[in-house]
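J.: In order, the protein sequences belong to chains S and D. Residue 313 in our numbering is what sits at position 310 of the first sequence, and the numbering runs on without skipping anything. Residue 184 in our numbering is what sits at position 181 of the second sequence, and the numbering runs on without skipping anything. Even for Gly, the Cβ is constructed at its ideal location relative to N, Cα and C.
2 protein chains.
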Amino acid sequence: MCSWPVPREPLRRVAVTGGTHGNEMSGVYLAQHWLRAPGELQRPSFSAMPVLANPAATAACRRYVDRDLNRTFTSTFLTARAHPDDPYEVKRARELNQLLGPKASGRAFDFILDLHNTTANMGTCLISESTHNVFAMHLCRHLQMQSPELPCRVLLYQVPGEESYSLYSVAKNGMGLELGPQPQGVLRADLSTRMRALVAAALDFIQLFNQGTAFPAFEMEGYRAIRGMDFPRTEAGDLAGTVHPQLQDRDFEPLRPGAPIFQMFSGEDVLYEGEATVYPVFINEAAYYEKGIAFLQTEKLTFSVPALSMLAPAPTPDP
Amino acid sequence: MCSWPVPREPLRRVAVTGGTHGNEMSGVYLAQHWLRAPGELQRPSFSAMPVLANPAATAACRRYVDRDLNRTFTSTFLTARAHPDDPYEVKRARELNQLLGPKASGRAFDFILDLHNTTANMGTCLISESTHNVFAMHLCRHLQMQSPELPCRVLLYQVPGEESYSLYSVAKNGMGLELGPQPQGVLRADLSTRMRALVAAALDFIQLFNQGTAFPAFEMEGYRAIRGMDFPRTEAGDLAGTVHPQLQDRDFEPLRPGAPIFQMFSGEDVLYEGEATVYPVFINEAAYYEKGIAFLQTEKLTFSVPALSMLAPAPTPDP
Numbered sequence: 004m005c006s007w008p009v010p011r012e013p014l015r016r017v018a019v020t021g022g023t024h025g026n027e028m029s030g031v032y033l034a035q036h037w038l039r040a041p042g043e044l045q046r047p048s049f050s051a052m053p054v055l056a057n058p059a060a061t062a063a064c065r066r067y068v069d070r071d072l073n074r075t076f077t078s079t080f081l082t083a084r085a086h087p088d089d090p091y092e093v094k095r096a097r098e099l100n101q102l103l104g105p106k107a108s109g110r111a112f113d114f115i116l117d118l119h120n121t122t123a124n125m126g127t128c129l130i131s132e133s134t135h136n137v138f139a140m141h142l143c144r145h146l147q148m149q150s151p152e153l154p155c156r157v158l159l160y161q162v163p164g165e166e167s168y169s170l171y172s173v174a175k176n177g178m179g180l181e182l183g184p185q186p187q188g189v190l191r192a193d194l195s196t197r198m199r200a201l202v203a204a205a206l207d208f209i210q211l212f213n214q215g216t217a218f219p220a221f222e223m224e225g226y227r228a229i230r231g232m233d234f235p236r237t238e239a240g241d242l243a244g245t246v247h248p249q250l251q252d253r254d255f256e257p258l259r260p261g262a263p264i265f266q267m268f269s270g271e272d273v274l275y276e277g278e279a280t281v282y283p284v285f286i287n288e289a290a291y292y293e294k295g296i297a298f299l300q301t302e303k304l305t306f307s308v309p310a311l312s313m314l315a316p317a318p319t320p321d322p
Numbered sequence: 004m005c006s007w008p009v010p011r012e013p014l015r016r017v018a019v020t021g022g023t024h025g026n027e028m029s030g031v032y033l034a035q036h037w038l039r040a041p042g043e044l045q046r047p048s049f050s051a052m053p054v055l056a057n058p059a060a061t062a063a064c065r066r067y068v069d070r071d072l073n074r075t076f077t078s079t080f081l082t083a084r085a086h087p088d089d090p091y092e093v094k095r096a097r098e099l100n101q102l103l104g105p106k107a108s109g110r111a112f113d114f115i116l117d118l119h120n121t122t123a124n125m126g127t128c129l130i131s132e133s134t135h136n137v138f139a140m141h142l143c144r145h146l147q148m149q150s151p152e153l154p155c156r157v158l159l160y161q162v163p164g165e166e167s168y169s170l171y172s173v174a175k176n177g178m179g180l181e182l183g184p185q186p187q188g189v190l191r192a193d194l195s196t197r198m199r200a201l202v203a204a205a206l207d208f209i210q211l212f213n214q215g216t217a218f219p220a221f222e223m224e225g226y227r228a229i230r231g232m233d234f235p236r237t238e239a240g241d242l243a244g245t246v247h248p249q250l251q252d253r254d255f256e257p258l259r260p261g262a263p264i265f266q267m268f269s270g271e272d273v274l275y276e277g278e279a280t281v282y283p284v285f286i287n288e289a290a291y292y293e294k295g296i297a298f299l300q301t302e303k304l305t306f307s308v309p310a311l312s313m314l315a316p317a318p319t320p321d322p
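This is the structure in structure tokens:
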């Protein structure tokens with residue numbers, strides 16, 4: 004199964020979106036900078052469009068005003084009849100769907116690169132929905148090769164059976180860049196420099212693809228989201244403890260059965276009771292407290308990615 | 004001049020306030036925990052009262068709802084005629100002034116310890132208004148002795164001529180605890196454990212004082228706030244750059260003339276043009292963007308603190 008066919012034409016309509024969450028400052032300020040100075044996003048075969056995705060949340064320096072924009076690009080929200088009382092982000096999702104989509108249509112943008120930060124110690128993380136997205140996996144590989152000394156992990160983040168709800172799902176293809184750790188509302192120079200270099204490399208990759216470069220097959224490592232794990236809570240629903248110091252900041256490291264995951268205010272430790280080793284990510288992400296997620300469990304996998312070329316012949320049917 | 008006379012009686016009415024800023028989570032959760040389990044704040048000679056200072060901001064996980072509560076304890080706000088349209092924090096400041104004050108009255112609490120976090124890399128920082136507060140300086144000294152291996156700096160944070168506006172100024176005496184770095188909305192176990200130990204040690208010090216312990220004179224080092232330094236901005240007032248990587252995370256380290264302080268989005272560095280070495284603090288604090296403060300400049304000083312004892316005789320007048 005592959006929902007993301009390899010593009011057969013050059014990608015001409017590319018967007019780089021920042022401020023989808025208004026307090027994730029690397030993307031906010033890069034998008035604002037590129038809106039003033041768009042030349043940096045130009046390549047010979049295309050010119051990427053910078054978009055400040057959630058201007059109201061950006062102005063308020065909050066993740067969102069009424070609801071999480073990056074969970075709002077589902078057919079339910081995009082196709083429902085508009086109403087003046089609709090939440091701000093529902094209105095904005097429809098505007099972005101008009102600008103960059105419509106989702107699942109031939110008129111949609113070819114690619115959206117969506118810029119995010121996390122308070123978790125995730126370093127450079129590339130978010131895609133599936134290993135089956137051959138174009139995105141080659142792009143990830145290309146980004147990983149830019150600074151081989153820095154970890155640059157691929158997170159596969161789609162819950163099976165769920166409709167895709169993220170901003171980049173509006174385009175024919177897309178990907179998220181997630182850089183951390185950075186507090187909400189803070190712009191660290193090191194992270195925005197890194198994000199800027201990654202965006203440049205992503206646009207370079209699209210340029211290479213557009214000019215007919217062939218990319219060979221390879222093996223890749225990734226982390227696939229399995230489930231969220233909530234904080235320990237009191238009967239009233241308040242936190243009864245927080246992430247254990249031995250788990251804090253250890254994103255992408257193995258968590259083995261029996262290891263401590265939470266430290267209760269009363270002093271005891273809570274141990275991980277799963278049967279298999281998992282690889283936690285988004286550990287103690289500020290925005291996930293309200294979602295009931297202290298960290299996200301992932302499994303580590305290795306998979307094969309076939310060769311990529313715009314001009315690649317369709318697979319020959321078996322004789 | 005000394006506005007904080009050494010107490011002549013045991014301190015019986017002590018409060019520990021958390022959530023003065025609703026997204027500084029160590030104090031928020033410690034206050035909520037102590038409200039459920041106040042025994043931890045008991046000592047033989049007194050029982051400290053836990054207070055969640057800004058419940059509405061805490062519920063919203065924001066610094067404040069209408070205005071910064073910790074800048075609202077001035078006579079202008081506290082004594083103005085109440086109006087139903089007053090900002091939430093003005094109403095709440097008046098409630099806290101009733102509960103813990105009234106400010107500058109004999110009925111006010113003896114001591115308030117106010118708990119804060121910063122996104123800056125300030126480690127453990129004790130905030131007082133003046134070196135002349137002999138009781139607070141001895142308390143700082145006591146806290147520094149608890150973990151001599153960890154830096155524990157004293158920040159003297161009152162702009163000369165300004166009326167004190169912080170929550171703890173409502174009591175006869177008080178101090179702030181500022182622990183970082185911690186993102187807004189995140190509860191790190193290491194920081195809340197440290198804060199809990201510092202609060203316990205502060206209460207132990209008050210207990211020692213109350214039972215008549217005499218504390219000898221000593222020399223102390225501190226950092227006195229001089230002025231804030233804003234980010235570089237575009238003509239429209241937007242950020243044109245951010246804190247330089249060579250300054251980021253270097254709170255309390257010397258900043259010498261000519262050293263880089265900002266990195267512009269256009270690529271250039273901005274250098275520090277002051278004539279004297281300063282010691283920046285609150286470097287890249289999320290909450291200070293809106294205040295126009297990229298960091299606060301301080302000067303380092305060494306000063307003498309006289310001996311302290313509840314029973315110390317009044318100084319003998321010169322013959």
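1) Are the region 199–216 of chain S and the region 5–18 of chain S touching, with three or more C-beta to C-beta distances below 8 Å?
2) Under three-state DSSP, which class holds histidine 119 of chain D?
3) Taking all protein chains shown into account, do 16 or more other C-beta atoms lie within 10 angstroms of the C-beta of alanine 221 of chain D, making it buried, or fewer, making it exposed?
4) Leucine 103 of chain D and alanine 18 of chain D - do their beta-carbons sit closer together than 8 Å?
5) Touch check for the region 133–143 of chain D and the region 65–79 of chain D: three-plus C-beta pairs under 8 Å?
6) Look up aspartate 348 of chain S in the DSSP assignment and say whether it is helix, strand or coil.
7) Under 8 Å, do asparagine 203 of chain S and methionine 178 of chain S count as touching if we go by C-beta distance?
8) Counting only the same chain and skipping the five closest in sequence on each side, list residues whose C-beta sits under 7 Å from that of leucine 314 of chain D.
9) Residue range of the beta strand (DSSP E) that threonine 245 of chain D falls in?
10) Give the secondary structure of arginine 16 of chain D by DSSP, where H, G and I count as helix, E and B as strand, and everything else as coil.
11) Along the chain, where does the alpha helix (DSSP H) containing tyrosine 1 of chain D start, and where does it finish?
12) For leucine 311 of chain S, count neighbouring Cβ atoms within 10 angstroms of its own Cβ and tell me buried if that reaches 16, exposed if not.
13) If you reduce the DSSP assignment to three classes, tell me which class isoleucine 296 of chain S lands in.
14) Taking buried to mean at least 16 other C-beta atoms within 10 Å of its own C-beta, is glutamate 276 of chain S buried or exposed?
15) In the region 251–266 of chain S, which residues sit with their C-beta less than 7 Å from some C-beta in chain D, listed in chain order?
16) Report yes or no: is there a C-beta of chain S within less than 8 Å of the C-beta of valine 19 of chain D?
17) Need the endpoints of the alpha helix (DSSP H) that cysteine 143 of chain S sits in, please.
18) Which same chain residues, not among the five before or five after arginine 199 of chain D, have their C-beta less than 7 Å away from its C-beta?
19) Consult DSSP for threonine 305 of chain S and reduce its assignment to one of helix, strand or coil.
20) Can you find the residues in the same chain that come closer than 7 Å, C-beta to C-beta, to methionine 4 of chain D, ignoring five residues on each side of it along the sequence?
21) Candidates D/Ile229, D/Asn57, D/Pro257: which alpha carbon is nearest isoleucine 296 of chain D's?
22) Can you tell me the Cα-Cα spacing of threonine 245 of chain S and proline 219 of chain S, whole angstroms?
23) Taking all protein chains shown into account, do 16 or more other C-beta atoms lie within 10 angstroms of the C-beta of glutamate 27 of chain S, making it buried, or fewer, making it exposed?
24) So, for alanine 63 of chain S: in the same chain, excluding its five sequence neighbours on each side, which residues have a beta-carbon less than 7 Å away from its beta-carbon?
25) Distance cutoff 8 Å, beta carbons only. Does glycine 240 of chain S sit that close to anything in chain D?
26) Rounded to the nearest angstrom, what separates aspartate 193 of chain D and leucine 99 of chain D at their Cα positions?
27) With 8 Å set as the bound, which would you pick, yes or no: does the beta-carbon of arginine 197 of chain D sit closer than that to a beta-carbon of chain S?
28) Between S/Gly225, S/Phe268, S/Glu165, S/Gly42, which has its C-alpha nearest histidine 141 of chain S's C-alpha?
29) Provide the residue span of the alpha helix (DSSP H) that contains leucine 38 of chain D, from first to last.
30) Answer yes or no: does any C-beta atom of chain S fall closer than 8 Å to that of arginine 236 of chain D?
31) Going by other Cβ atoms of all chains shown within 10 Å of its Cβ, with 16 needed for buried, is glutamate 238 of chain D buried or exposed?
32) Taking 8 Å as the threshold (beta carbon to beta carbon), is threonine 127 of chain S in contact with chain D?
33) Any Cβ of chain S within less than 8 Å of the Cβ of asparagine 73 of chain D?
34) Checking 8 Å against the spacing of the C-beta atoms, do glutamine 187 of chain S and glutamine 187 of chain D come in under that value?
35) Using three-state DSSP, classify valine 157 of chain S as helix, strand or coil.
36) For methionine 4 of chain D, which of helix, strand or coil comes out of DSSP?
T.: This is what the structure holds:
1) Because the criterion of three Cβ pairs below 8 Å is met, the region 199–216 of chain S and the region 5–18 of chain S touch.
2) Looking at histidine 119 of chain D - three-state DSSP - the assignment turns out to be strand.
3) According to the sequence shown, residue 221 of chain D is phenylalanine rather than alanine. By the neighbour-count definition (other C-beta atoms within 10 Å, threshold 16), phenylalanine 221 of chain D is an exposed residue.
4) Going by C-beta atoms, alanine 18 of chain D is nearer than 8 Å to leucine 103 of chain D.
5) Counting C-beta pairs closer than 8 Å gives fewer than three between the region 133–143 of chain D and the region 65–79 of chain D, which falls short of the contact rule.
6) Since the displayed chain S opens at 4 and closes at 322, residue 348 of chain S lies outside it and no answer follows.
7) In the sequence as displayed, the identity of residue 203 of chain S is alanine instead of asparagine. No, they are not a contact pair.
8) Excluding sequence positions up to five before and after leucine 314 of chain D, its CB lies within less than 7 Å of the CB of Gly215, all in the same chain and listed in chain order.
9) That run of the beta strand (DSSP E) goes 244–246.
10) The answer is coil: DSSP assigns arginine 16 of chain D none of H, G, I, E or B.
11) Past the edges of chain D, shown from 4 to 322, lies residue 1 of chain D, and the structure says nothing about it.
12) With at least 16 other beta carbons inside 10 angstroms of its own, leucine 311 of chain S counts as buried.
13) It is coil, neither helix nor strand.
14) Exposed, by the Cβ-count rule.
15) Taking 7 Å as the Cβ-Cβ cut-off against chain D, the residues of the region 251–266 of chain S that qualify are Gln251, Gln266.
16) Taking Cβ atoms only, chain S never reaches closer than 8 Å to valine 19 of chain D, which makes this a no.
17) Where cysteine 143 of chain S is concerned, the enclosing alpha helix (DSSP H) stretches over 137–149.
18) Here the set comprises Leu33.
19) Threonine 305 of chain S falls in the strand class under three-state DSSP.
20) The predicted model places methionine 4 of chain D with a pLDDT of 33, which falls under 50 and marks its position as unreliable, so this point remains unresolved.
21) Checked all of D/Ile229, D/Asn57, D/Pro257; the closest Cα to isoleucine 296 of chain D is D/Ile229.
22) Distance between the alpha carbons of threonine 245 of chain S and proline 219 of chain S: 45 Å.
23) With 16 or more other Cβ atoms within 10 Å, it is buried.
24) The answer, listed in chain order, is Gly25.
25) Cβ-Cβ to chain D under 8 Å: no for glycine 240 of chain S.
26) CA-CA distance, aspartate 193 of chain D to leucine 99 of chain D, rounds to 30 Å.
27) Nearest CB-CB separation between arginine 197 of chain D and chain S: not below the 8 Å threshold.
28) Selected option, being the one with the closest Cα: S/Gly225.
29) Leucine 38 of chain D: member of the alpha helix (DSSP H) spanning 28–39, first to last residue.
30) So no, arginine 236 of chain D is outside the interface.
31) Exposed, since its Cβ has fewer than 16 Cβ neighbours within 10 Å.
32) Output row for threonine 127 of chain S: interface = no.
33) Chain S, which has no Cβ nearer than 8 Å to the Cβ of asparagine 73 of chain D, makes this no.
34) Result yes, Cβ atoms of glutamine 187 of chain S and glutamine 187 of chain D sit closer than 8 Å.
35) Reduced to three states, the DSSP call for valine 157 of chain S is strand.
36) For methionine 4 of chain D, the predicted model reports a pLDDT of 33, less than 50, meaning its position is unreliable and no value from the coordinates is stated.
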